[in-house]
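For the sequence shown, position 174 (counting from the first letter as 1) is numbered 174 according to UniProt numbering, and the numbering increases by one without interruption.
Every residue gets a Cβ at the ideal spot worked out from N, C-alpha and C, and that includes glycine.
To start, the structure under review is shown below, and the notes come after it.
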Amino acid sequence: MFGRELRTPVDLVFGAPPEPEEPSRTWEEYYHRLRNRLLVTHDFARKAQASAGFKQKRWYDTRCRGRAFAAGEQVWVYCPERKKGLSPKLRASWRGPEEVVERLSEVVYRIRMPGRGRLVVLHQDRLAPYRPLATPDAAEPEVSSDTALPSEPEPSDTPLSATRRPKRHRRPPGHLRDFDGFSDILFGV
Numbered sequence: 001m002f003g004r005e006l007r008t009p010v011d012l013v014f015g016a017p018p019e020p021e022e023p024s025r026t027w028e029e030y031y032h033r034l035r036n037r038l039l040v041t042h043d044f045a046r047k048a049q050a051s052a053g054f055k056q057k058r059w060y061d062t063r064c065r066g067r068a069f070a071a072g073e074q075v076w077v078y079c080p081e082r083k084k085g086l087s088p089k090l091r092a093s094w095r096g097p098e099e100v101v102e103r104l105s106e107v108v109y110r111i112r113m114p115g116r117g118r119l120v121v122l123h124q125d126r127l128a129p130y131r132p133l134a135t136p137d138a139a140e141p142e143v144s145s146d147t148a149l150p151s152e153p154e155p156s157d158t159p160l161s162a163t164r165r166p167k168r169h170r171r172p173p174g175h176l177r178d179f180d181g182f183s184d185i186l187f188g189v
């Protein structure tokens with residue numbers, strides 16, 4: 001502004017900012033300085049990203065809730081794979097039963113997936129306990145001959161209308177209470 005750098009109160013307290021470096025005389029100097037600055041910048045970003053990722057994983061794992069699985073236990077595995085031409089909402093996202101081979105940490109497991117023919121390392125969030133369906137023999141309760149139902153129903157003395165539930169009493173809406181024309185049809189009055 002006005003052809004010169006403005007002086008601000010910060011300049012008075014801390015002094016003027018340092019003068020910019022002299023521009024490079026040749027393209028080779030410029031190339032080497034730029035390359036060194038980019039290497040330092042990328043190294044700094046890589047370290048910051050690794051540190052942030054480690055912190056995020058630690059926080060995520062501390063809040064992870066779920067059931068612990070033992071080796072040899074069967075589990076469902078969440079595999080939200082998309083296949084071309086098939087609607088994802090109609091596909092089963094859970095595969096199983098798969099077998100837990102070992103527990104690597106509190107929330108990480110090694111799973112044997114027979115369909116893939118290999119061992120896979122998965123987080124606990126993608127696992128659910130497998131509960132097999134009950135066998136038909138175990139599902140049927142035993143019925144003793146004393147409590148067996150009779151083959152023919154016994155006739156009852158009470159008429160069928162007496163066993164029905166009473167009908168509810170309908171009140172007409174407030175704006176139709178004074179209307180006499182159809183009250184008997186509408187409300188059974």
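With distances taken between CA atoms, Ala70 lies nearest to Arg103 out of Arg103, Val77, Trp94. Here Ile111 has Val75, Val77, Glu98, Glu99, Val100, Val101, Leu119, Val120, Val121, Leu122, Leu127 as same chain residues with Cβ atoms under 8 Å from its own Cβ, once five neighbours each way along the sequence are excluded.
If you draw a 10 Å sphere on the C-beta of Gln49, you find fewer than 16 other C-beta atoms in it, and that means exposed.
In this structure, Arg95 sits away from Pro88, with a CB-CB distance that is not shorter than 9 Å. Boundaries of the beta strand (DSSP E) harbouring Gln74: 74-78, taken from the DSSP string. The C-alpha of Ala45 is placed about 30 Å away from the C-alpha of Arg25. Every beta strand (DSSP E) stretch that sits fully inside the region 74-131 and reaches 3 residues is listed by chain position as 74-78, 94-103, 108-113, 118-123, 127-129. Judged by DSSP in its simplified three-state form, Phe54 adopts helix.
When the Cα atoms are used, Met113 and Tyr30 turn out to be separated by approximately 55 Å. Its chain contains Val107 as the residues whose beta carbon lies nearer than 6 Å to that of Asp61, once the 5 sequence neighbours on both sides are disregarded; these appear in chain order. Taken through DSSP and simplified to helix, strand or coil, Asp178 comes out as coil. The beta-carbon separation of Gln124 and Gly72, rounded to 17 Å, does not stay under the 8 Å limit for a contact.
The three-state secondary structure of Leu39, taken from DSSP, is helix.
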